[in-house]
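J.: Please see the structure below; I have some questions.
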Amino acid sequence: VFEPTASNNFLIGSSRAFVGFNTDVSIDVMRGLAKRAIRFFPVMKDLHVIRSYAGLRPYTADHFPIISDVEAVPGFYISAGHEGDGIGLAPISGKLMSQMVTGKKTEFDVKKLSFSRFQRNSVLK
Ligand SMILES: Cc1cc2nc3c(=O)[nH]c(=O)nc-3n(C[C@H](O)[C@H](O)[C@H](O)COP(=O)(O)OP(=O)(O)OC[C@H]3O[C@@H](n4cnc5c(N)ncnc54)[C@H](O)[C@@H]3O)c2cc1C
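In our numbering, the protein residues as written are 19 to 143.
Spelled out as structure tokens, the structure:
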């Protein structure tokens with residue numbers, strides 16, 4: 019039985035918008051999320067919103083992450099650009115990165131994820 023009490027906290031989300039680095043919270047979006055939550059769980063209609071936040075989901079031009087060394091800066095590695103999957107992919111990204119940093123053969127071919135695929139416009143070139 020779902021019975022929220024004053025001591026329960028719920029995380030309700032989320033939305034997706036392409037707004038650059040803007041992390042302002044939109045009241046309209048919050049209203050929509052609340053409406054949707056109440057539709058599924060009407061008992062939530064009397065709960066108070068105590069906190070809101072907006073975060074970034076950094077992505078790359080080809081929507082694949084960068085898990086790579088950087089040829090121009092020896093010893094510098096990048097693991098970034100996982101968009102909305104960074105938490106789920108953290109274990110494998112971390113494993114690949116640790117293999118790379120310690121000079122081992124990576125479990126998968128990571129050429130497709132290399133930083134150099136964007137290097138034509140890179141400031142490092
Ligand atoms: C609302 C929301 C829901 C999400 N839900 C999921 C989900 O359910 N499952 C999932 O897998 N992923 C989810 N994601 C995506 C996931 O959070 C990201 O893919 C992941 O956090 C990216 O990890 P990261 O380490 O690359 O970047 P981040 O987590 O963004 O870390 C970058 C860090 O660098 C710091 N930083 C930035 N600039 C500087 C600077 N100049 N100097 C020093 N530090 C700096 C930042 O403060 C931050 O701590 C969600 C994202 C959002 C916003």
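Where is the CB? At the ideal position from N, CA and C, for every residue including glycine. None of these values were measured; they are calculated from a predicted model.
Would you report the Cα separation of Ser70 and Lys122, rounded to the nearest angstrom?
T.: If you take the alpha carbons of Ser70 and Lys122, they lie about 42 Å apart.
J.: Check whether the Cβ of Gly50 lies closer than 7 Å to any heavy atom of ligand 1, and answer yes or no.
T.: The answer is no for Gly50.
J.: Answer with buried or exposed for Ile110, where buried requires no fewer than 16 other C-beta atoms within 10 angstroms of its C-beta.
T.: With fewer than 16 Cβ atoms within 10 Å of its Cβ, Ile110 is classed as exposed.
J.: Using the DSSP secondary-structure output, state which residues sit across from Tyr95 in a beta bridge.
T.: Paired residues: Asp87.
J.: Quick check: the stretch 85-98 against the stretch 113-121, are at least 3 beta-carbon pairs closer than 8 Å?
T.: With a cut-off of 8 Å, the stretch 85-98 and the stretch 113-121 count as touching, because enough Cβ pairs lie within range.
J.: Where does Ile68 sit, in a helix, a strand or coil, going by DSSP?
T.: Ile68 falls in the coil class under three-state DSSP.
J.: In whole angstroms, what separates the C-alpha of Gly102 from that of Asp80?
T.: So the alpha carbons of these two residues sit roughly 14 Å apart.
J.: If Ile68 and Val128 are in contact, beta carbons under 8 Å, what's the gap, nearest whole angstrom?
T.: Ile68 to Val128, Cβ: 42 Å. No contact.
J.: Just to confirm the assignment, what range does the alpha helix (DSSP H) spanning Arg49 have?
T.: Ile45 to Phe58 is the extent of the alpha helix (DSSP H) around Arg49.
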